[in-house]
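Numbering-wise, our numbering puts 46 at position 41 of the sequence shown, and it's gapless, one number per residue. Note that the Cβ used here is the ideal one computed from N, Cα and C, for glycine as well. First up is the structure itself, then whatever we jot down about it.
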Amino acid sequence: MKQKTFSTLKLTIAALIFTFGVSSQAQTTKEKRFINDYKWKVSLQMNIMDFGFDKDDPTNTENWNMLSFPSRVAIETNIVNHLSAELAVAMNKIEEGHMVNGQIANKDLDVIAVDANFKYSLGGLFNIPIVDPYIATGAGYLQLDGTSNATFNYGGGINFWLADLAFLRDYRYMRDRRISRFGLNVEVMGKKNLNDGPGSNMQVAAGVFYMF
6 MKQKTFSTLK LTIAALIFTF GVSSQAQTTK EKRFINDYKW KVSLQMNIMD FGFDKDDPTN
66 TENWNMLSFP SRVAIETNIV NHLSAELAVA MNKIEEGHMV NGQIANKDLD VIAVDANFKY
126 SLGGLFNIPI VDPYIATGAG YLQLDGTSNA TFNYGGGINF WLADLAFLRD YRYMRDRRIS
186 RFGLNVEVMG KKNLNDGPGS NMQVAAGVFY MF
């Protein structure tokens, strides 16, 4: 069942990328997306944490841990052009028998992560149409089975804007409709435990966001 869920997630992400690419051939760039300047973004996401990440086989999903949507909530604000700051809270559970940084978990372990990251929009910098890729870095707090850890975060992601779909684009300049301010996001972050103990992991998050 788990392998089927992960396969479905991969296919869904691939389908989203294809759909946005095909339907946004005449897409406007980020600067022309909205009339108003929306500085805040709130996100609801599903998150996957892998504490036994296989560098030789990044597609290995044997140690993926996930909770139902939404298991991650984030608030983000623009600081200057292309640069934003995000505060996020995520919950997860490591299943018994999964790897935790080289050791096998002998019971289910609860995980809470609080992260503060800076994001730099490559889509905004280079006026990339269709999608908005970004790089991210920051610091976090990870509570793993009652122990507290500090983490260094690094990675990136892609935003997909509903405003760039053809059937919504035609109405953008009449008014910023609420539906146009929704979007989809996929993000991959590496999180290094600064205490050199258990807790380093790879996190994949995917969900929906809203600009306001």
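Which same chain residues end up closer than 6 Å to residue i when comparing Cβ atoms and leaving out the 5 residues on each side of it in sequence?
| i | result |
| --- | --- |
| Ala31 | Note that Ala31 scores a pLDDT of 42, beneath 50, so its modelled location is shaky and nothing firm can be said. |
| Val193 | Gly160 and Val209 |
| Ile163 | Val136, Pro138 and Val191 |
| Ala79 | Ser48, Glu91 and Ala93 |
What residues in its chain sit with their C-beta under 7 Å from that of residue i, if we drop five residues either side in the sequence?
| i | result |
| --- | --- |
| Asn83 | Lys44 and Ser89 |
| Phe157 | Ala144, Lys197 and Leu199 |
| Gly102 | Ile109 and Ala110 |
| Tyr125 | His87, Leu88, Tyr139 and Ile140 |
| Pro75 | Leu49, Gln50, Met51 and Gly212 |
| Asp120 | Ala93, Gly143, Gly145 and Asn158 |
Could you tell me the boundaries of the alpha helix (DSSP H) in which residue i lies?
| i | result |
| --- | --- |
| Gly128 | Leu127 to Leu130 |
Can you tell me whether residue i is buried or exposed, with buried defined as 16 or more other CB within 10 angstroms of its CB?
| i | result |
| --- | --- |
| Ser48 | buried |
| Phe165 | buried |
| Ile117 | exposed |
| Asp137 | buried |
| Lys60 | exposed |
| Lys46 | buried |
Counting along the chain, where does the beta strand (DSSP E) carrying residue i start and finish?
| i | result |
| --- | --- |
| Phe157 | Thr152 to Trp166 |
| Ser48 | Trp45 to Asp55 |
| Glu192 | Phe187 to Asn198 |
Residue i bridges to which residues according to DSSP?
| i | result |
| --- | --- |
| Lys98 | Asp115 |
| Gly107 | In the DSSP output, where bridge partners are listed per residue, Gly107 has none listed. |
| Arg77 | Gln50 and Ala95 |
By Cβ distance below 8 Å, which residues in the same chain neighbour residue i in space, the five residues on each side in sequence not counted?
| i | result |
| --- | --- |
| Arg77 | Ser48, Leu49, Gln50, Met51, Asn52, Ala93, Val94, Ala95, Met96, Ala210 and Gly212 |
| Met179 | Because Met179 carries a pLDDT of 45, less than 50, the predicted location of this residue cannot be relied on, and the following value inherits that uncertainty. For Met179, where only same-chain residues beyond five positions count, there are no Cβ hits under 8 Å. |
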